[in-house]
Amino acid sequence: MERDYGVEIDSLKNELKEIKQLLFAFANPKEKAKEPQNSNGRIHKMKNMHPDPSIMNILHNLENTCDQNEQSGAITYLGVYESGGRQSTWIRNEVNTDGLLFLIENKMAEKVLHCIGNSDRLNILLNILKKPMTVAQLVDECGYNSTGQVYHHLKPLIAADLIVENTKNADRGVYIIQPHRVQGIIMLLAGISDMLDPQYTQGDWEAKE
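Residues in the sequence shown are numbered from 67 upward in steps of one, following the working numbering.
Written as structure tokens, this is what we have:
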């Protein structure tokens, strides 16, 4: 498959922009949040969503980005997760939600959810996310009857590049979450949490006449 260097360069530029904006916001936590500008765009500017002015600045930037680019939405997220001596840290800024919705249209969301949408696979993901584990440990700690059962559910996760054997470990057969997949798993759970507890959302979801 041929690489599209133009797309890769644009992606790198966007990532640098995201990092600069977030670094400025967190380096100036005392700076007064900019009041949302009046706009005739589709986005209604929200006030007082968060007590931290730097967080409100980020929100207002998202609102302005949506109006300027005539997109339905944008999100910024960052986080850190450490377990078993391993750490994953991530920052993404002004992600266009139209592109996220397209993941449903092109069936990618269905494929990913189908891969992990099984209690046994989720159980394996959870335990390996907490710490690297061998198949024998998964049998003992997850309540399986045999290594064959574990391998049956482990294979789709390996094929999807979610889990990999830790080749850096002296003991072969130790499995870990792919480092570049940790963020996606944590953020997917964050989305599920928001579905269960909508207290952090404001807005008018009634259809406009």
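The beta-carbon is built from N, C-alpha and C at its ideal position, and this holds for glycine as well. It should be emphasised that the depicted structure is a prediction, and the values quoted were computed from it without experimental measurement.
Pair within 9 Å by beta-carbon distance, residue i and residue j
i    : j    : result
I141 : L166 : yes
I252 : S185 : no
N161 : Y147 : Correcting the residue identity first, residue 161 is Val in this sequence and not Asn. No, they are not a contact pair.
V230 : Q215 : no
R152 : P245 : yes
Expected contact under 8 Å - CB spacing of residue i and residue j to nearest Å
i    : j    : result
I109 : E136 : Not confirmed; about 10 Å, so no contact.
T200 : V240 : 6 Å
Residue i to residue j span [Cα, whole Å]
i    : j    : result
N211 : Q203 : 12 Å
T267 : K197 : 33 Å
N189 : G250 : 16 Å
P117 : L228 : 37 Å
S138 : G269 : 14 Å
W271 : M174 : 27 Å
C132 : N114 : 19 Å
Y217 : L195 : 17 Å
L255 : I224 : 20 Å
L262 : T233 : 38 Å
G150 : E207 : 16 Å
G209 : D164 : 41 Å
S259 : N127 : 25 Å
Q134 : H180 : 36 Å
F168 : P119 : 32 Å
G257 : E171 : 19 Å
M112 : I121 : 12 Å
Candidates the options, of which the one nearest residue i by Cα
i    : options                : result
L192 : M115, H116, I258, I243 : I243
R49  : A226, V240, I258       : Lying outside 67 to 275, the shown extent of the chain, residue 49 is not represented and no answer is given.
W156 : G145, E207, D164       : G145
R158 : I170, I124, S149, G150 : I124
K177 : D260, P222, S259       : P222
R187 : H219, I121, G257       : H219
What residue ranges within the region 183-243 form continuous alpha helix (DSSP H) runs of no fewer than 4 residues, ordered along the chain? 185-196, 201-208, 213-225
Quick check on the DSSP output: what are the complete alpha helix (DSSP H) runs of length 4 or more inside the region 105-154, in order along the chain? 119-135
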